[in-house]
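Reading the sequence shown from the start, the letters are residues 1370 to 1670 in our numbering.
Here's the structure, in structure tokens; my notes come after.
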Amino acid sequence: MTNPPVCDYEGSDYQTSFWDKGGREYEDRTEAIAIKRLLPKSGRILLELGAGAGRNTPRYVGFERVVLLDYSRTQLEQAQQRLGNSDKYIYVAADAYRLPFVDGLFDAATMIRVLHHMADAPKALGQVKNVLEANGIFILEFANKQNLKSILRYLLGKQKWSPFTLEPVEFVELNFDFHPNAVRNWLEELSFTIEKALAVSHFRVGFLKRIIPTSILVFLDSLFQWTGAFWQFTPSVFMKARVAQNGILHHGQDNILSYFKCPDCAHSPLAEKHDYLECTNCKKKWEVKEGIYDFREALKG
Ligand SMILES: [Zn+2]
């Protein structure tokens, strides 16, 4: 089975260079507001897809457990340092196109700044749908190709691609912007119901961020986020989607081992060995090392 290429942040200092020192306080704070508005206050177990170094994870405080999933092991190690060791957090290195979880496990999932790197977005969204239970909530953020800047550039003839058409635009290798209606269609084809949409980061403009205090821009953005229900022209859009009621209902097991399935053959449960989990069906071994479950590639031998 072939899978789309994966954007890998292994060994990256993304957290430091992009967030901590990159002048992204405005983006970070407007995201926090959007999450607070969309996510249920409490819940059982949340899947954070593309958790990276755990920047958003403390915002899921109302959930009993959070599974942090990222393709990069070094990003998860940074998250471990940030969040500390606790039963509340489970760290999983895996490919979003082959999730290693049993169907219907989670009552919520978030995917923020991740679809942006998905060459096959519908495939990744389908994986999320499978692991959510009936009525489960999915908070999805994506980069919007139909933003004011791209519309202006297109109208002035400075940009070839149209911001108004449904197909994604890959502006740098493995960096995609999407049309809101395309994302809406994909979610609805998977029988999600979209309950809310927020337009976020209205003022992501270099000179505004330099001359106006961040807290004022954040306040103004928070006033305008609601307009996302009617139109979306901001560079970032959040959607809250709900799985249909007739989906799988969670079986209520607390044992972490029961969460996993083999990402290759879908068999579960896996057998717990000293430093790996073994699939009793296809015999593949999946490493467990220093608190990180690694489902990217099976161990050799
Ligand atoms: Zn297997």
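Virtual Cβ for every residue (Gly too), placed ideally from N, Cα, C.
- His1643 has its Cβ no nearer than 8 Å to any heavy atom of ligand 1.
- Burial is judged here by how many other beta carbons sit within 10 angstroms of a residue's own beta carbon; Gly1597 has at least 16 and is buried.
- Residues of the same chain with a CB within less than 6 Å of the CB of Met1608, apart from the 5 flanking positions on each side, are Leu1509, Ile1563 and Ala1566 in chain order.
- In the assembly as shown, Trp1655 is a buried residue. Its beta-carbon has 16 or more other beta-carbons within 10 Å.
- Taking C-alpha positions only, Asn1624 is separated from Val1436 by approximately 13 Å.
- Here DSSP, grouped into helix, strand and coil, assigns Thr1562 to strand.
- Separation of the CB atoms of Val1569 and Ser1605 is rounded to 4 Å, and the pair is thereby assigned contact status at 8 Å.
- In the three-state reduction of the DSSP assignment, Leu1535 falls in the coil class.
- Ligand 1 never approaches Cys1376 closely enough for any of its heavy atoms to be under 8 Å from the residue's Cβ.
- The C-beta of Lys1390 has fewer than 16 other C-beta atoms within 10 Å across all chains shown, which makes the residue exposed.
- By the CB criterion at 9 Å, His1486 and Cys1631 fall outside the cutoff.
- Here Ile1580 is exposed: its Cβ has fewer than 16 other Cβ atoms, across all protein chains shown, within 10 Å.
- Put simply, of Ser1441, Ser1411, Cys1648 and Asp1464 the residue whose alpha carbon is nearest the alpha carbon of Phe1432 is Ser1411.
- Per DSSP, reduced to three states, the secondary structure at Asp1663 is strand.
- Straight across, the Cα-Cα distance linking Leu1639 with Ile1459 is about 16 Å.
- Contact check for Ala1422 against Leu1438 fails: the beta carbons are separated by 9 Å or more.
- The beta carbon of Asn1554 is closer than 8 Å to those of Leu1535 in its chain, skipping five residues each way along the sequence.
- Separation of the CB atoms of Lys1658 and Asp1633 is rounded to 19 Å, and the pair is thereby denied contact status at 8 Å.
- DSSP lists Leu1416 and Ile1459 as the beta-bridge partner residues of Val1436.
- For the set Gln1496, Gly1526 and Lys1529, the Cα lying nearest the Cα of Phe1561 is the one of Gln1496.
- One thing to note: Thr1426 has its Cβ no nearer than 9 Å to the Cβ of Leu1468.
- Closer than 8 Å to some heavy atom of ligand 1: that describes the Cβ of His1636.
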